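With full-length UniProt numbering, the residue at position 216 of the sequence shown is 216, and numbering never jumps.
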Amino acid sequence: MGTLTGKTAVVVGASGESNFGTAIARRLAQEGANVVVSARRKEPLAALAGEIGGLAVACDVTDEAQQEALFAAAREKYGQVDIAVFSAGIHAADAIAELSADKILPSLQVSFVGALLFFKHAANAMEEGGSVITISSLTARIPGPGLAVYSGARAGIDYAIKVAAQEYGPRGIRFNSIAAGLIETDMTSMLFGMDPVIEAYIDATPVGRMGNLDDMAEAALFLADGQRSSFINAQVLDLAGGQQNGHLPRF
């Protein structure tokens with residue numbers, strides 16, 4: 001019996017074959033949780049839900065009504081929600097000189113507005129306390145060119161978890177974030193075919209290796225499980241092998 005047996009987790013951003021949300025959903029299920037997986041595309045969700053014995057619910061996080069319906073479906077199926085993981089995001093990589101409102105707003109709607117609404121509806125579904133986790137980025141900790149929108153949205157939510165922890169602390173709900181370094185996923189796989197890029201990242205990382213999806217899944221499990229992390233709240237956990245103390249590679 002796993003330490004999450006009897007708990008219910010909602011994981012948003014779990015429609016990729018190889019991404020953070022999918023890896024986290026699998027790990028939480030392995031530990032015994034009932035897992036509700038969600039993203040905009042229903043087809044890959046259904047396959048993942050079948051694999052882990054969970055529930056698939058399509059949801060566009062920019063639509064508050066769909067978020068509310070997601071948590072209602074989770075409660076209808078499993079009762080209350082105990083764990084909620086926000087792993088949705090849109091990559092944006094434009095220099096500030098090239099930005100327009102049309103380039104800025106989509107990322108903010110998902111990564112900032114969507115995350116705040118997720119906090120609201122996740123907490124509403126947690127009647128007996130719980131753990132809310134958002135996936136952030138090393139680039140929200142140390143700057144790099146072309147990342148003002150992407151990193152700014154993540155950094156904003158990293159601060160918002162501190163506010164959420166204050167507001168929901170009396171109800172026993174914890175809010176934490178995982179700031180991930182460069183890890184191979186569906187979105188970043190192209191970079192892992194560029195040896196100079198990977199070598200530069202390894203050189204800048206004190207542990208001397210790249211992170212992987214297992215690292216992310218274990219970090220999320222740690223923050224999700226009250227037996228492991230009940231006294232950790234309003235924290236940004238750096239999952240970057242120490243690179244957060246240095247800088248991004250210069251190319």
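C-beta atoms are modelled at their ideal positions from N, C-alpha and C, and glycine is treated no differently. On a predicted model such as this, the values are computed, not experimentally measured, just so you know.
For this session: Would you list the one or two residues that DSSP bridges to residue 174?
Result: As computed with DSSP, residue 174 is found in a beta bridge with 131.
For this session: Please state if the CB of residue 25 and the CB of residue 14 are separated by a distance shorter than 8 Å.
Result: Cβ atoms of residue 14 and residue 25: closer than 8 Å.
Problem set entry | Residues near residue 169 in its chain [Cβ-Cβ closer than 8 Å; skip 5 each side] | Cβ neighbours of residue 169 beyond the five flanking positions: 233.
Exercise. So, using beta-carbon positions, are residue 159 and residue 92 closer together than 8 Å?
Worked result: Going by C-beta atoms, residue 159 is not nearer than 8 Å to residue 92.
For this session: Assign residue 100 to one of two classes, buried (16 or more other C-beta atoms within 10 Å of its C-beta) or exposed (fewer than that).
Result: Exposed, by the Cβ-count rule.
Exercise. When you compare each of 148, 215, 172 to residue 178 by their alpha carbons, which one comes out closest?
Worked result: 215 is the residue among 148, 215, 172 whose C-alpha sits nearest the C-alpha of residue 178.
Exercise. How big is the Cα-Cα spacing for residue 171 and residue 131?
Worked result: When rounded, the distance between both Cα atoms is 11 Å.
For this session: Using DSSP bridges, identify the partner residues of residue 183.
Result: Partner(s): 211.
Exercise. Does the distance from the CB of residue 212 to the CB of residue 184 come in under 8 Å?
Worked result: A contact, by the Cβ cut-off of 8 Å.
Exercise. Any contact of the region 44-62 with the region 7-23, i.e. 3+ C-beta pairs under 8 Å?
Worked result: Touching, yes.
For this session: Identify the continuous alpha helix (DSSP H) that holds residue 83 and give its terminal residues.
Result: Where residue 83 is concerned, there is no enclosing alpha helix (DSSP H), although the beta strand (DSSP E) it sits in stretches over 83-86.
Exercise. Quick one: is residue 205 near chain D, going by C-beta distance under 8 Å?
Worked result: Included in the structure is just one protein chain, with no chain D present.
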